[in-house]
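Novice: Have a look at this one before I ask anything.
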Amino acid sequence: MGEPIGEGLTAEAAEAMGLPVGLPVAQGGADAFVGMLGLGVVQPGQLGLITGSSHLHLCLSKNSANAPGVWGAYKCAPLPDLNMAEGGQSSTGSTLRWLRGLLGGDRAPSYAELDAEAAKIAPGAEGLMAVETFQGSRTPITDPLARGAMLGLTMRHSRAHVWRAFLEATCLGTRAAIEAMVSAGHSAKEITVCGGACQSDTWLQLHADVTGLPVIIGECPDGPLLGCACLAASAAGMFESPAAASTAFFRRARRIEPDPEAVRAYDQVFAAYQTCGGCWVLGIG
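Next comes the structure, spelled out in structure tokens:
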């Protein structure tokens with residue numbers, strides 16, 4: 002990624018876009034790979050989390066080992082001399098959007114309102130647990146037939162409990178993916194996050210509390226967009242490499258520390274999650 006392509010913009014393309022002929026064109030890449038540059042994830046032990054309708058967990062490592070439940074490690078991808086291990090969750094932001102619609106339809110409460118309610122509930126949502134694999138499971142269990150679930154629901158539980166349980170479920174799935182990568186011989190010292198989760202302080206704190214890792218937020222919440230700028234700057238000769246551009250462009254805005262008491266509570270919740278993760282529905286007919 003980031004290498005100049007050919008002799009730059011062709012006459013036909015330049016005319017269509019209103020740009021100069023010969024303008025340097027940079028080799029791009031997969032959105033997640035480009036997003037790693039926008040997250041400043043260019044050193045071993047760094048882990049990028051790209052959030053949206055789904056979650057992608059991207060860990061750089063000197064170790065090229067493969068293991069069940071982990072994609073890769075891919076050698077020299079996306080950066081030379083390093084390897085990348087990857088995890089993923091199919092249903093995270095998409096599940097929250099779906100749930101918000103169920104909770105109010107056309108009069109659905111805002112995400113901020115739901116987060117504020119959920120923040121008042123203790124870790125573990127008073128025994129209510131969700132499993133977020135509503136569209137199958139990617140890692141650490143790869144199963145397209147996996148389905149989501151709610152467990153422990155009682156009439157004492159409120160809308161706030163349900164919302165918190167779903168927020169926690171996405172974070173529990175992230176912890177499972179990270180632990181699979183660590184078991185394969187990779188390491189993660191902190192999580193640098195971009196995307197939709199950056200709009201929710203409650204959700205960011207839960208990522209830190211459930212995983213036990215600090216969460217880093219950059220000034221630019223759109224990692225892939227900033228990554229494109231890194232590739233362009235490298236191709237234009239402003240930096241010696243995309244990694245050098247990433248180091249220069251990425252700026253930390255916040256660091257969210259795990260709450261020790263919440264971490265201890267979520268160790269117990271995670272043990273329960275592991276026993277019921279990967280719920281599925283048998284095909285009928």
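Numbering-wise (my numbering), the sequence shown opens with residue 2 and increments by one.
For each residue, glycine too, the CB sits at the ideal point set by N, CA and C.
Does the segment 71-86 come close enough to the segment 214-225 to have 3 or more Cβ pairs within less than 8 Å?
Specialist: no
Novice: How about Gly88 and Ala170: do their beta carbons lie closer than 7 Å?
Specialist: no
Novice: Rounded to whole angstroms, what's the CA-CA distance from Gly41 to Leu226? Just pull it up for me.
Specialist: Just so you know, the alpha carbons of Gly41 and Leu226 end up roughly 12 Å apart.
Novice: In whole angstroms, give me the CA-to-CA distance for Gly106 and Arg98.
Specialist: Cα-Cα distance, rounded: 11 Å.
Novice: Could you check which residue in Leu207, Arg176, Glu191 and Leu103 has the C-alpha nearest to that of Leu214?
Specialist: Comparing Cα-Cα distances from Leu214 to each of Leu207, Arg176, Glu191 and Leu103, the minimum goes to Glu191.
Novice: Taking only three categories from DSSP, how would you classify Met198?
Specialist: Just to set this straight, residue 198 is Ala in the shown sequence, not Met. Here Ala198 sits in helix by DSSP.
Novice: Give a yes or no on contact between the segment 126-140 and the segment 265-279, applying the rule of three or more CB pairs nearer than 8 Å.
Specialist: yes
Novice: Report yes if the CB atom of Gly29 is closer than 7 Å to the CB atom of Pro79, and no otherwise.
Specialist: no
Novice: Quick one: is Ala198 buried, meaning 16 or more other Cβ sit within 10 Å of its Cβ, or exposed?
Specialist: That one is buried.
Novice: Within this structure, are the beta carbons of Asp202 and Asp260 separated by less than 7 Å?
Specialist: no
Novice: Do Val35 and Leu10 count as a contact pair if the criterion is CB distance below 7 Å?
Specialist: Contact: no.
Novice: Once the 5 residues before and after Gly284 are set aside, which same chain residues still bring their CB inside 7 Å of it?
Specialist: Note that Gly284 scores a pLDDT of 33, beneath 50, so its modelled location is shaky and nothing firm can be said.
Novice: Give me the residue from Arg157, Gly102 and Gln206 with the minimum Cα distance to Ala263.
Specialist: Gln206
Novice: Starting from the Cα of Val270, find the closest Cα among Ser242, Ile51 and Gly125 and give me that residue.
Specialist: Gly125
Novice: Please work out which residues of its chain come closer than 7 Å, Cβ to Cβ, to Ala120, disregarding the five sequence neighbours upstream and downstream, and give them in chain order.
Specialist: Thr203
Novice: By Cβ distance below 7 Å, which residues in the same chain neighbour Tyr267 in space, the five residues on each side in sequence not counted?
Specialist: Pro124, Asp210 and Val211
Novice: What first and last residue would you give for the beta strand (DSSP E) that runs through Thr52?
Specialist: Gln47 to Thr52
Novice: Going by Cα to Cα distance, which pick from Asp32, Gln200 and Lys63 is closest to Gln44?
Specialist: Lys63
Novice: For Ser184, is the classification buried or exposed, using 16 other Cβ atoms within 10 angstroms of its Cβ as the cut-off for buried?
Specialist: exposed
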